[in-house]
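Asks: My numbering applies: residue 441 is where the sequence shown begins, and numbers increase by one. Even glycine gets a Cβ: it sits at the ideal position worked out from N, Cα and C.
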Amino acid sequence: MAHRLLHGTLHATILEADDLTNPDRATGGAPQIFRRFVEGFEETIGRGKGSTQLYATVDLGKARVGRTRVIAGDPVNPRWYEDFHIYCAHFAADVVFTVKAAQPIGATLIGRAYLPVRELLDAGGREIERRLDVLDPSKKKIHHGPTIHVRLRFCDVAANPREWGAGLGGARHPGVPYTFFSQRPGCRVTLYQDAHTPDAFAPRIPLSGGRTYQQGRCWEDVFDAISDARHLIYVTGWSVYTEITLIRDGSRPRPGGDATLGELLKRKASEGVRVLMLVWDDRTSVESLGMTWGYMGTHDAETAEYFRGTDVQCVLCPRNPDIGRSAVMGLQTAYMISHHQKIIAVDHDMPVRGGSSRRRIVSFVGGLDLCDGRYDTQFHSLFRTMDTAHHKDFHQPNFVDTSITKGGPREPWHDIHAKIEGPAAWDILYNFEQRWRKQGVPVHRRRCELRLS
441 MAHRLLHGTL HATILEADDL TNPDRATGGA PQIFRRFVEG FEETIGRGKG
491 STQLYATVDL GKARVGRTRV IAGDPVNPRW YEDFHIYCAH FAADVVFTVK
541 AAQPIGATLI GRAYLPVREL LDAGGREIER RLDVLDPSKK KIHHGPTIHV
591 RLRFCDVAAN PREWGAGLGG ARHPGVPYTF FSQRPGCRVT LYQDAHTPDA
641 FAPRIPLSGG RTYQQGRCWE DVFDAISDAR HLIYVTGWSV YTEITLIRDG
691 SRPRPGGDAT LGELLKRKAS EGVRVLMLVW DDRTSVESLG MTWGYMGTHD
741 AETAEYFRGT DVQCVLCPRN PDIGRSAVMG LQTAYMISHH QKIIAVDHDM
791 PVRGGSSRRR IVSFVGGLDL CDGRYDTQFH SLFRTMDTAH HKDFHQPNFV
841 DTSITKGGPR EPWHDIHAKI EGPAAWDILY NFEQRWRKQG VPVHRRRCEL
891 RLS
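1. Spatial neighbours of A744 within its chain, please: CB distance less than 6 angstroms, with the 5 preceding and 5 following residues excluded, ordered by chain position.
2. Judging by CA-CA distance, which residue of P577, T817, A563 and P837 is the nearest neighbour of D855?
3. Between D573 and T587, how many whole angstroms is the CB-CB distance? I'm expecting something under 8 angstroms.
4. In whole angstroms, what separates the C-alpha of R799 from that of P863?
5. Going by the beta-carbon positions, is the gap between T676 and L704 smaller than 7 angstroms?
6. Name the one or two DSSP bridge partners that I687 has.
7. Would you list the one or two residues that DSSP bridges to Q633?
8. Give the list of continuous beta strand (DSSP E) stretches no shorter than 3 residues that lie fully inside the stretch 497-576.
9. What's the call for H835, buried or exposed, on a 16-neighbour Cβ count within 10 Å?
10. Are the CB atoms of I454 and V894 within a distance shorter than 7 angstroms?
11. Distance, Cα to Cα, D721 vs F531?
12. Does the beta-carbon of H636 have 16 or more other beta-carbons within 10 angstroms, so that it is buried, or is it exposed?
13. Is it buried or exposed, D787, if we count other Cβ atoms within 10 angstroms and call 16 or more buried?
14. Which residue's Cα is closest to the Cα of Q655: S667, A642 and D664?
15. In whole angstroms, give me the CA-to-CA distance for Q407 and G702.
16. Is C595 closer than 7 angstroms to G501 when the C-beta atoms are compared?
17. Alpha carbon to alpha carbon, how far is R628 from D895? Give it in angstroms, no decimals.
18. Which class does W604 belong to by DSSP, given the choice of helix, strand or coil?
19. Mapping the DSSP letters down to three states, classify H884 as helix, strand or coil.
20. Please report the distance separating the alpha-carbon of F663 from that of R688.
21. Rounding to the nearest angstrom, what Cα-Cα distance links I666 and E559 in this structure?
22. When burial is assigned at 16 or more other CB atoms within 10 Å of the CB, is V883 buried or exposed?
23. In or out: S893 buried (at least 16 other Cβ within 10 Å) or exposed?
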């Protein structure tokens, strides 16, 4: 069958499958009741293969564009009811739905179902609902006649010029569709380049109303936000190192600016501020074996030990695989994929001061971790700052023999970050709360909602 171009948005729903058989099990073709009983019994006693764990995928040509969660406990009639919104530009003859049974290593193919791309294109944007036959690898019907129930609708770019290639379309643009957090109006974003901007870096830039552009200084603003917090400080990071200092520009001092990040967070926690931290757990740092360094040098074990027994609640979070992934993929995820999120959410005073006790949420998000090697300016000096801003923060992982005593060079660091104010700052706070409930160890799982009045 000829390949056709699908360029647009494919809306696909995988509802359920019926009358599936597992060729990898002796009971695969037995009556449904017997199969459920045998698998349930194996699962209970922990012997045999246990419950069949079924999932389905969506493929366009050789590209996998969708995958359901794993369903266990129903080897015959799994019900996923999952929606996919797939942006595609693929040549394909069919939309292929594959049903598999997850195994500790790899997966067992149950069968595949095919919907011709031609039908999608001929539908002209109308929804198609089908019960497709699940076929064997030779595209022949399987005994018992298993099927998969799907629903699809394809929106071609040519039929939707307002959604494709037309830009934002004005201030009332609703934002990117199908996102977990929708676009929020009424927000303010402060953009940063690098952790610090010296006074001498940028020329005077006039703005309307007689104002001048004020350069953002990321770590100064982070220090001020943490220092100002009265109720909460929430931090996530690929790495959070307690020994760094946020204030290093001698021409712009802050009261208490010589404190390390660890000292600052402990001080705020001792004042009654709720300080919660989710730091990626590098599996190569094994504290019980004395291997606190870790392959990635994130200091995660050192950070956890630093806050142990204090009022700061610091939880190390490994990157665990999705439920149902194979053992090999689980190891690959745990050891090769990290939590790379870097956010800070704090309560802050209102933008207009006037004696009000009301507070708001201010959040930071972007590419700068609160760790060693990240403090830099737009000059990115390799040598000149080693006895000033970087005399306690020499970082150079690219050359083994370099050190500050040997004269460097240090590794320069260029990255971007942002401060978010307004409704979107609350979304970042909610994201932290959701992760805390999922990933905080049981002793730490407690409600972290806060009413700011």
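Replies: Well, looking at it:
1. By 1-based counting over the sequence shown, the position of residue 744 is 304. Hits under 6 angstroms: C754 and L756.
2. Here the question's residue 855 lines up with position 415 in the sequence shown. Closest by alpha carbon: T817.
3. Walking along the sequence shown from the start, residue 573 turns up at place 133. Walking along the sequence shown from the start, residue 587 turns up at place 147. Confirmed, Cβ separation roughly 6 angstroms.
4. Locating residue 799 in the sequence shown gives position 359, where the first residue counts as 1. Locating residue 863 in the sequence shown gives position 423, where the first residue counts as 1. Each residue's Cα considered, the two are about 13 angstroms apart.
5. The residue labelled residue 676 in the question sits at position 236 within the sequence shown. The residue labelled residue 704 in the question sits at position 264 within the sequence shown. No, these two residues do not count as a Cβ contact at 7 angstroms.
6. For the purposes of this step, residue 687 is identified with residue 247 of the sequence shown, where counting begins at 1. In the DSSP output, where bridge partners are listed per residue, I687 has none listed.
7. As a position in the sequence shown, residue 633 is number 193, starting the count at 1. Its beta-bridge partners are I856.
8. 503-507, 519-532, 534-542, 547-556 and 568-573
9. To locate residue 835, count along the sequence shown from 1; it is residue 395. The residue is buried, with at least 16 neighbouring Cβ atoms inside 10 Å.
10. Residue 894 is absent from the model: the chain starts at 441 and stops at 893.
11. For this step, residue 721 is matched to residue 281 along the sequence shown. For this step, residue 531 is matched to residue 91 along the sequence shown. Approximately 41 angstroms between the Cα atoms of the pair.
12. Here residue 636 is taken as the residue at index 196 of the sequence shown, counted from 1. The residue is buried, with at least 16 neighbouring Cβ atoms inside 10 Å.
13. Within the sequence shown, residue 787 is the residue found at index 347, counting from 1. Buried.
14. Stepping through the sequence shown from its first residue, residue 655 is reached at position 215. Checked all of S667, A642 and D664; the closest Cα to Q655 is A642.
15. The chain is shown only over 441 to 893; residue 407 falls outside these bounds and no answer can be derived.
16. Here residue 501 is taken as the residue at index 61 of the sequence shown, counted from 1. Here residue 595 is taken as the residue at index 155 of the sequence shown, counted from 1. Cβ atoms of G501 and C595: not closer than 7 angstroms.
17. This structure leaves residue 895 out entirely; the chain is present only between 441 and 893.
18. The residue given as residue 604 occupies position 164 in the sequence shown. Note: W604 maps to coil in three-state DSSP.
19. By one-based count along the sequence shown, residue 884 stands at place 444. Low confidence applies here, because H884 scores a pLDDT of 48, under 50, leaving its location unreliable; read the following figure in that light. The answer is helix: DSSP assigns H884 an H, G or I state.
20. For this step, residue 663 is matched to residue 223 along the sequence shown. For this step, residue 688 is matched to residue 248 along the sequence shown. Whole-angstrom Cα-Cα distance: 11 angstroms.
21. One-based indexing of the sequence shown puts residue 666 at position 226. One-based indexing of the sequence shown puts residue 559 at position 119. Cα to Cα, the separation comes out at about 57 angstroms.
22. In the sequence shown, residue 883 corresponds to position 443, counting from 1. Residue placement at V883 is poorly supported in this model, since its pLDDT is 48, which falls under 50; the coordinates still yield a value, given next. With fewer than 16 other Cβ atoms within 10 Å, it is exposed.
23. Numbered from its first residue, the sequence shown carries residue 893 at position 453. With a pLDDT of only 45 at S893, under the threshold of 50, the placement of this residue in the model should not be trusted; the figure read from the coordinates follows. With fewer than 16 other Cβ atoms within 10 Å, it is exposed.
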